[in-house]
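Enquirer: Shown below is the structure under consideration.
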Amino acid sequence: INQNIRGAETEWGKHLSKHRGKNIGNRKTHALWSALRMKENLGIFIKEFANSTEELKHNKSANNEYSQLELSKCYPGGSIHICEGSLYRNTELTLELNNLVASQKDVENIDILNCIPSNMNIGSIVDKSKIKIWNGVGEKSRGIPPSDISYQRFVRYQSCRGLEGWITVNHFLDEYWEYELEEGKTRAKTESLFEELGNDDAIDYANKWAFIAFTRSIDTLVITVKNKNSKIGKILKNLQERYPDFISWHS
Numbered sequence: 022i023n024q025n026i027r028g029a030e031t032e033w034g035k036h037l038s039k040h041r042g043k044n045i046g047n048r049k050t051h052a053l054w055s056a057l058r059m060k061e062n063l064g065i066f067i068k069e070f071a072n073s074t075e076e077l078k079h080n081k082s083a084n085n086e087y088s089q090l091e092l093s094k095c096y097p098g099g100s101i102h103i104c105e106g107s108l109y110r111n112t113e114l115t116l117e118l119n120n121l122v123a124s125q126k127d128v129e130n131i132d133i134l135n136c137i138p139s140n141m142n143i144g145s146i147v148d149k150s151k152i153k154i155w156n157g158v159g160e161k162s163r164g165i166p167p168s169d170i171s172y173q174r175f176v177r178y179q180s181c182r183g184l185e186g187w188i189t190v191n192h193f194l195d196e197y198w199e200y201e202l203e204e205g206k207t208r209a210k211t212e213s214l215f216e217e218l219g220n221d222d223a224i225d226y227a228n229k230w231a232f233i234a235f236t237r238s239i240d241t242l243v244i245t246v247k248n249k250n251s252k253i254g255k256i257l258k259n260l261q262e263r264y265p266d267f268i269s270w271h272s
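This is the structure we're talking about:
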């Protein structure tokens with residue numbers, strides 16, 4: 022799976038000439054397709070999201086890497102909650118998530134990772150007087166670690182690489198995906214001669230950022246949407262109807 026990092030990917034052992042006293046000959050790159058962090062159902066969701074967004078494209082990829090994700094059979098379970106509107110205005114779902122944290126040994130509020138779009142601030146998503154918040158959005162505050170484990174973490178989508186959460190919340194994913202889609206179209210204009218191929222590249226670009234956020238989660242993934250009739254809203258609703266055992270919809 023693509024490392025999805027800024028700049029060139031790391032080539033471990035690039036300058037290694039010997040291993041256990043033996044000379045190293047020609048190297049061969051081996052792709053790793055396993056979902057090692059996520060529980061099995063989260064892997065299923067990501068694979069199906071990848072397949073569904075391929076249907077938006079003019080030329081569908083034969084090698085969509087997230088469609089080839091190998092699921093972890095060692096870690097069954099996992100759940101996805103899709104919420105229309107703000108999570109913190111949905112008292113039923115927030116209570117369910119609070120009970121989940123309380124019921125899990127060694128899981129605390131600090132294990133909840135919130136990803137928010139760049140055009141929103143934390144105060145527009147949640148009443149900051151109601152929960153303890155570690156502000157990973159502010160330039161100064163992000164350098165100050167949380168003082169205890171009762172804080173929930175909030176970061177921009179673009180800053181969530183390398184982080185993980187037992188529960189992750191992707192706030193207003195449909196708006197964020199559309200934002201990155203437009204960014205992708207701008208980039209594609211300088212790289213593609215054909216408009217339809219440029220649009221396909223833009224979808225791949227938006228998906229890359231969505232997959233970075235999806236793969237932060239270990240046990241539970243929460244996604245909020247502003248418009249259930251948006252491209253992403255419709256895809257998520259379709260997936261929920263196909264997998265009602267572990268994907269739930271909250272309106």
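In this note's numbering, the protein residues as written are 22 to 272. Every residue, glycine too, gets a C-beta built ideally from N, C-alpha and C. Quantities reported herein were computed from a predicted structural model and do not represent experimental measurements.
For the putative contact between aspartate 240 and tryptophan 155, defined by C-beta atoms under 8 Å, what is the C-beta separation to the nearest angstrom?
Expert: On the sequence shown, residue 240 is found 219 positions in, with the first residue counted as 1. On the sequence shown, residue 155 is found 134 positions in, with the first residue counted as 1. That belief does not hold up - the Cβ atoms of aspartate 240 and tryptophan 155 are roughly 20 Å apart, past 8 Å.
Enquirer: Tell whether a beta-carbon distance below 9 Å holds between valine 246 and leucine 194.
Expert: Here the question's residue 246 lines up with position 225 in the sequence shown. Here the question's residue 194 lines up with position 173 in the sequence shown. Cβ distance < 9 Å, so valine 246 and leucine 194 count as in contact.
Enquirer: Which full runs of the beta strand (DSSP E) of 3+ residues lie inside the stretch 87-138, going along the chain?
Expert: 100-105 and 133-137
Enquirer: Between the alpha carbons of proline 138 and leucine 92, how many angstroms are there, rounded?
Expert: Counted from its first residue, the sequence shown places residue 138 at position 117. Counted from its first residue, the sequence shown places residue 92 at position 71. Distance between the alpha carbons of proline 138 and leucine 92: 28 Å.
Enquirer: Give every residue of the same chain whose Cβ lies closer than 8 Å to the Cβ of histidine 51, excluding the five residues on either side of it in the sequence, and list them in chain order.
Expert: Residue mapping note: residue 51 aligns to position 30 of the sequence shown, counting from 1. Low confidence applies to histidine 51: its pLDDT is 45, below 50, so where it sits in the model is not reliable enough to give any reading.
Enquirer: According to the Cβ coordinates, are cysteine 181 and isoleucine 103 closer than 9 Å?
Expert: Residue 181 sits at position 160 when you count from the first residue of the sequence shown. Residue 103 sits at position 82 when you count from the first residue of the sequence shown. Going by C-beta atoms, cysteine 181 is not nearer than 9 Å to isoleucine 103.
Enquirer: Scan the stretch 136-178 and note each continuous alpha helix (DSSP H) run of 4 residues or more that stays entirely inside, going in chain order.
Expert: Whole alpha helix (DSSP H) segments, 4+ residues: zero.
Enquirer: For the beta strand (DSSP E) containing aspartate 240, name the first residue and the last one.
Expert: Here residue 240 corresponds to residue number 219 of the sequence shown, with the count starting at 1. Segment 238-246, the beta strand (DSSP E) holding aspartate 240.
Enquirer: By a C-beta neighbour count over all protein chains shown, 10 Å radius and 16 as the cutoff for buried, is aspartate 266 buried or exposed?
Expert: Locating residue 266 in the sequence shown gives position 245, counting from the first residue. Counting Cβ neighbours within 10 Å, aspartate 266 comes out exposed, since fewer than 16 surround it.
Enquirer: In whole angstroms, give me the CA-to-CA distance for leucine 114 and tryptophan 270.
Expert: To locate residue 114, count along the sequence shown from 1; it is residue 93. To locate residue 270, count along the sequence shown from 1; it is residue 249. Roughly 10 Å between the two C-alpha positions.
Enquirer: Between leucine 134 and leucine 63, what straight-line distance do the alpha-carbon atoms span, to the nearest angstrom?
Expert: As a position in the sequence shown, residue 134 is number 113, starting the count at 1. As a position in the sequence shown, residue 63 is number 42, starting the count at 1. Taking the CA atoms as reference points, leucine 134 sits about 16 Å from leucine 63.
Enquirer: Nearest CA to the CA of serine 162: which residue from Ile152, Lys151 and Arg174?
Expert: Locating residue 162 in the sequence shown gives position 141, counting from the first residue. Nearest C-alpha to serine 162: Arg174.
Enquirer: Give me the residue from Val128, Thr74 and Ala209 with the minimum Cα distance to asparagine 228.
Expert: For the purposes of this step, residue 228 is identified with residue 207 of the sequence shown, where counting begins at 1. Considering only alpha carbons, the answer is Thr74.
Enquirer: Compute the distance between the beta-carbons of glycine 99 and leucine 257, then report whether it is under 9 Å.
Expert: For the purposes of this step, residue 99 is identified with residue 78 of the sequence shown, where counting begins at 1. For the purposes of this step, residue 257 is identified with residue 236 of the sequence shown, where counting begins at 1. No, the Cβ-Cβ distance between glycine 99 and leucine 257 is not below 9 Å.
Enquirer: My guess is that alanine 209 and alanine 223 are in contact by the Cβ rule of under 8 Å, so how many angstroms apart are they, rounded?
Expert: Taking the first residue of the sequence shown as 1, we reach residue 209 at position 188. Taking the first residue of the sequence shown as 1, we reach residue 223 at position 202. Confirmed, about 5 Å.
Enquirer: Please report the distance separating the alpha-carbon of glycine 164 from that of threonine 211.
Expert: Mapped onto the sequence shown, residue 164 falls at position 143. Mapped onto the sequence shown, residue 211 falls at position 190. For glycine 164 and threonine 211, the distance between alpha carbons rounds to 36 Å.
Enquirer: Please report how far the alpha carbon of proline 97 lies from the alpha carbon of arginine 263, in whole angstroms.
Expert: As a first step, residue 97 is located in the sequence shown; it is residue number 76 there, counting from the start. As a first step, residue 263 is located in the sequence shown; it is residue number 242 there, counting from the start. Rounded to the nearest angstrom, the two C-alpha atoms are 18 Å apart.
Enquirer: Would you kindly check if the distance between the Cβ of asparagine 130 and the Cβ of lysine 153 is under 9 Å?
Expert: By one-based count along the sequence shown, residue 153 stands at place 132. By one-based count along the sequence shown, residue 130 stands at place 109. Taking 9 Å as the cut-off, the beta carbon of lysine 153 is found closer than this to the beta carbon of asparagine 130.
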